[in-house]
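Heads up: the structure comes next, in structure tokens.
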Amino acid sequence: MSYYEQIIESKDYLKKRVGTNLPEIAIVLGSGLGSFTDKIEVSHRIPYSDIPHFPPATVKGHEGALIFGTIEGKKVVAQAGRYHYYEGYDMKEVTLPIRVFKYLEAKVLLIASAVGGIHEDYEAGDVTVVNDHINLHHQNPLQGPNDERLGVRFPDMTDAYSPRLINMAHDIAEAQSINLHNSVYGGLPGPNLETKAEYNYLNIIGATVVGMSTVPEIIVAQHSGLESCVLTAVTNKCFPISAIKEVTHDEVIEVAQKTETKISTIVKEMIKRL
Ligand code: HPA
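For the sequence shown, the numbering used here gives the first residue as 7, with consecutive numbering after it.
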């Protein structure tokens, strides 16, 4: 079965389950940000194990379900538990949900992710809106023959992070007195956190946050024609080098949970305005 046929089969299954509750907005919830699902008036909670071609989510803090419903009267689907390349999935598996969201007729993709901060001014607990990325994965979800039904061979990445949505996020943050940084996301495969030399390198090349997800999803969103916005929770300070402390994944999740109110506030208000 081709990748395209897998996408259609997943989409058809979900359409059958949710009926007319098709989402306008898709939300991807990263590490420690899963409780955003509390904001949804849930119509359907569908575990990955039910959905054709969806692999199981293996990471602690990631539920592994698509949640359909409404927020502020808008129809949404939330991906509670994302796939990461370091789990051993290939890039096409990692980004399958994004393809399916497009075929479910979502127009907008909102992503929340945990990141390391590699800017002097970023502290653990801060939030950022991503303006751009640097792909340091040695893989790309668009590698291989291009299926024109999914998008063009050479997608432009200039506005992959929607300027309209970045402005909207700032507008909301200002009104809510939330300090929101602009960031450039350096995407690495993980799963180890970076060495001091790597954090320093990332700072030198112009990244201001670093994480192990998001980049493949945004490449596919752009290929698919979804308008995207990424908000990040800075869970650990990684710059300057002298400020780096040892961190565990549990600490990453703990800090992400603390920043969750800020991200939730922005995302919820964005959904209202969309
Ligand atoms: N590096 C990569 N990914 C991360 C980090 C980090 O320091 N913190 C949270 N996600």
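All residues carry an ideal CB built from backbone N, CA and C; glycine is no exception.
Collapsed DSSP secondary structure at residue i in the structure displayed
i           : result
residue 125 : coil
residue 47  : strand
residue 114 : strand
residue 206 : helix
residue 146 : coil
residue 262 : helix
residue 249 : helix
residue 35  : strand
residue 160 : coil
residue 183 : coil
residue 233 : strand
residue 189 : strand
residue 141 : strand
residue 53  : strand
residue 79  : coil
residue 28  : coil
residue 271 : helix
residue 175 : helix
Residue i classed as buried or exposed, judged by whether at least 16 other C-beta atoms fall within 10 angstroms
i           : result
residue 99  : buried
residue 228 : buried
residue 89  : buried
residue 218 : buried
residue 183 : exposed
residue 233 : buried
residue 81  : buried
residue 62  : exposed
residue 297 : Since the displayed the chain opens at 7 and closes at 280, residue 297 lies outside it and no answer follows.
residue 10  : exposed
residue 220 : buried
Beta-carbon proximity of residue i to residue j, cut-off 8 Å
i           : j           : result
residue 111 : residue 64  : no
residue 91  : residue 161 : no
residue 17  : residue 106 : yes
residue 278 : residue 78  : yes
residue 156 : residue 230 : yes
residue 104 : residue 166 : no
residue 34  : residue 85  : yes
residue 215 : residue 147 : no
Contact test: residue i Cβ vs the ligand NAD heavy atom, cutoff 7 Å
i           : result
residue 200 : Among the ligands present in this structure, namely the ligand HPA, the ligand NAD is not found.
Reference residue i; option with closest CA among the options
i           : options               : result
residue 213 : 203, 189 and 116      : 189
residue 26  : 10, 74 and 57         : 74
residue 242 : 206, 58 and 199       : 199
residue 208 : 15, 261 and 244       : 244
residue 205 : 22, 231, 159 and 248  : 248
residue 236 : 201, 176 and 246      : 176
residue 261 : 130, 155, 163 and 180 : 130
residue 240 : 101, 133, 62 and 21   : 133
residue 36  : 48, 276, 124 and 265  : 265
residue 53  : 19, 186, 275 and 250  : 19
residue 113 : 201, 23 and 32        : 32
residue 12  : 49, 44, 59 and 42     : 59
residue 211 : 57, 28 and 139        : 139
residue 116 : 168, 255 and 24       : 168
residue 273 : 45, 56 and 149        : 45
residue 109 : 39, 7, 256 and 30     : 30
residue 163 : 171, 276 and 141      : 141
residue 126 : 56, 251, 255 and 246  : 246
residue 57  : 47, 173 and 72        : 72
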